[in-house]
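Residue numbers for the sequence shown follow the working numbering, so the first one is 94 and each next one is one higher.
We treat Cβ as the ideally placed atom computed from N, Cα and C, and that holds for glycine.
Remember, predicted model here, so these are calculated numbers, not experimental data.
Everything below concerns the one structure shown next.
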Amino acid sequence: MNIYTQHQQELAETLRPSASRSDWTDWKWHVRHSIKTVDDFEKVLGVSFSEKQKKLYKMTLAKFPMSVTPYYLSLIDREDFENDPIFMQSFPCVEELKIGRYDMTDPLHEDRDSPVPGITHRYPDRVLFHVSNTCAMYCRHCTRKRKVGDRDSIPTREVLEKGIEYIRNTPRVRDVLLSGGDPFLLSDDRLDWLLTEIGKIEHVEVVRIGTRTPVVLPYRITEDLVEMLKKHHPLWINTHFNHPRELTASSRRALQRLADAGIPLGNQSVLLAGVNDCQRLIKTLNQKLVKNRVRPYYLYQCDMSEGLTHFRTPIGKGIEILESLRGHTSGFSVPTYVVDAPGGGGKIPVMPNYIVSWGPNKVVLRNYEGVITTYHEPTTYESSYCDRECSKCNLQLKEDDAEEKAIGIEKLLSDWDDTTSLTPWDNERMGRRDDVA
């Protein structure tokens with residue numbers, strides 16, 4: 094159940110004196126009343142910045158715009174807002190104007206790996222489909238800051254149709270990831286149309302959607318949206334929670350609706366200096382996610398995009414955090430720590446070293462406690478030589494689903510077999526029939 098607090102009511106009335114509870118739970122109301130200026134931020138949150146600070150903030154906004162939903166802003170701790178993880182992810186920092194030596198506009202080379210507008214085709218069997226450049230909130234750590242607020246690059250229906258056509262004409266694509274921006278900032282009808290058109294493509298086996306609305310705009314996960322999504326299984330959704338405090342009553346309700354609709358949920362966190370670069374915070378976050386039926390999927394090293402240097406940690410910090418997870422909490426609560434390689438190399442998993450040494454007959458391993466153990470390699474294993482001549486392979490290379498077969502009385506009781514009687518093989522009557530024939 095959504096909780097409408099006195100604090101949220103006061104905040105809503107600051108934006109619109111006649112605001113009501115129904116306004117607060119209307120996702121479109123939050124989009125219309127997003128906070129985009131420093132002055133409005135001060136007014137709504139009830140804080141004051143010095144003139145010098147305001148000047149620096151406005152300089153940052155001139156390059157990297159701000160947009161914060163009233164909901165997400167309401168989560169900020171006013172008493173310690175400058176150290177608040179919500180504040181740091183949503184409010185501009187002058188450090189964003191410091192472009193580091195190795196910072197890049199498009200570090201992942203998404204634009205270079207784009208065969209048609211809106212499509213990034215990096216991996217063999219899957220594509221990323223940019224279907225929206227609109228977000229519920231402009232995250233300060235966004236790897237696509239180059240596109241934030243660029244109204245001229247919002248994909249038109251014509252651009253989307255070209256992306257669909259590319260997928261249709263590329264049979265090796267079996268997995269399509271809808272991204273942006275945020276696909277859930279599209280209307281239900283537009284999203285339904287997209288999913289329907291992609292669903293008509295025979296070689297597409299699964300569609301994924303990446304969204305941060307459960308975090309920054311949970312009211313977007315309406316019953317109507319969920320009912321529409323249920324029509325398009327198999328569908329997977331990845332969220333983007335970075336801190337335990339983001340899992341509020343409203344966000345948990347949004348996750349519940351999606352999970353109850355049978356949609357598998359994953360989470361992709363970004364390791365951010367001063368926000369969540371702490372073993373305790375990441376473990377708590379992942380355990381809360383699992384409790385809400387969300388599988389921690391990736392922990393990203395912060396990308397080398399322009400203006401993100403102050404958010405980046407050493408990779409060693411991420412490995413240290415992984416050490417505090419593996420063995421210390423459930424295995425499905427441990428995400429894969431990845432570096433999205435600059436230059437478009439894709440996601441590279443990074444983890445602690447668990448192999449201590451390796452000989453021809455045994456491997457020396459260590460566990461999370463530091464226990465050293467050995468695993469003896471099999472002495473009788475004979476590798477199947479693979480020359481890609483599958484027709485000559487001795488393995489049973491049947492890749493289709495096995496067929497369920499009923500036997501005996503079970504066959505007569507089954508609904509999927511048309512057999513109506515069973516006859517012994519040596520039945521004399523059947524033998525006479527054969528003689529007559």
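- Cβ neighbours of Gly211 within its own chain (closer than 8 Å, five residues either side excluded): Phe222, His223, Val224, Pro248, Val252, Leu253, Lys255 and Gly256.
- The continuous stretches of alpha helix (DSSP H) do not include Lys440, which lies in the beta strand (DSSP E) extending over residues Gly439 to Pro442.
- Taking C-beta atoms as the reference points, Leu104 and Val131 fail to come closer than 8 Å.
- Counting along the chain, no beta strand (DSSP E) covers Ala347; the unbroken alpha helix (DSSP H) around it starts and ends at Ala342 to Asp353.
- At a Cβ-Cβ threshold of 8 Å, Arg345 and Val319 do not count as neighbours.
- Burial of Ala347 is indicated by the presence of at least 16 other C-beta atoms within 10 angstroms of its C-beta.
- DSSP, read as helix, strand or coil, puts Ala105 in helix.
- Counting only the Cα atoms, Phe142 lies some 14 Å from Phe180.
- Scanning Cys186, Lys498 and Cys483 for the CA closest to the CA of Glu492 turns up Cys483.
- In its chain, beyond the 5 residues on either side, Ile314, Thr332, Ser344, Ala347 and Leu348 have a beta carbon closer than 7 Å to the beta carbon of Pro307.
- Assignment of Leu190 by DSSP, reduced to helix, strand and coil, places it in the helix class.
- A Cβ-Cβ separation of about 13 Å leaves Pro208 out of contact with His202 under the 8 Å criterion.
- Using a C-beta cut-off of 8 Å, the region 192-200 makes contact with the region 394-405, since at least three inter-stretch Cβ pairs fall below that distance.
- With contacts defined as CB atoms closer than 8 Å, Thr377 and Pro337 qualify as a contacting pair.
- With fewer than 16 other beta carbons inside 10 angstroms of its own, Thr98 counts as exposed.
- As DSSP reads the structure, Lys455 sits in a beta bridge with His469.
- In the structure shown, Gly292 falls within a helical segment according to DSSP collapsed to helix, strand and coil.
- The secondary-structure analysis by DSSP pairs Tyr216 across a beta bridge with Arg219.
- For Arg233, the CB contacts under 8 Å within the same chain, skipping 5 residues up- and downstream, are Phe157, Met181, Gln182, Ser183, Phe184, Pro185, Cys186, Glu189 and Phe404 in chain order.
- Nearest neighbour of Val309 by Cα position, chosen from Leu166, Pro357 and Arg265, turns out to be Leu166.
- Rounded to whole angstroms, the Cβ separation of Pro442 and Thr429 is 5 Å, and the two are in contact under 8 Å.
- In the three-state reduction of the DSSP assignment, Ala155 falls in the helix class.
- Residue state for Arg301 is assigned as strand, using DSSP reduced to three classes.
- In this structure Leu415 is in contact with Pro445, their Cβ atoms being roughly 6 Å apart against a cut-off of 8 Å.
- By the neighbour-count definition (other C-beta atoms within 10 Å, threshold 16), Tyr312 is a buried residue.
- The Cβ-Cβ distance between Trp329 and Gly355 does not fall below 8 Å.
- Remark: C-beta atoms of Arg301 and Leu278 do not approach each other more closely than 8 Å.
- Taking every protein chain shown into account, the CB of Ile375 has 16 or more other CB atoms within 10 angstroms, so this residue is buried.
- Distance check between Glu462 and each of Pro471, Thr472 and Arg419 places Arg419 closest, using alpha-carbon atoms only.
- For Leu374, the enclosing alpha helix (DSSP H) starts and ends at Gln372 to Lys384.
- Beta-bridge partners of Ser272 (DSSP): His223.
- Annotation: the continuous alpha helix (DSSP H) that includes Thr306 extends over Thr306 to Val309.
- In this structure, the CA atom of Ser417 is about 16 Å from the CA atom of Pro407.
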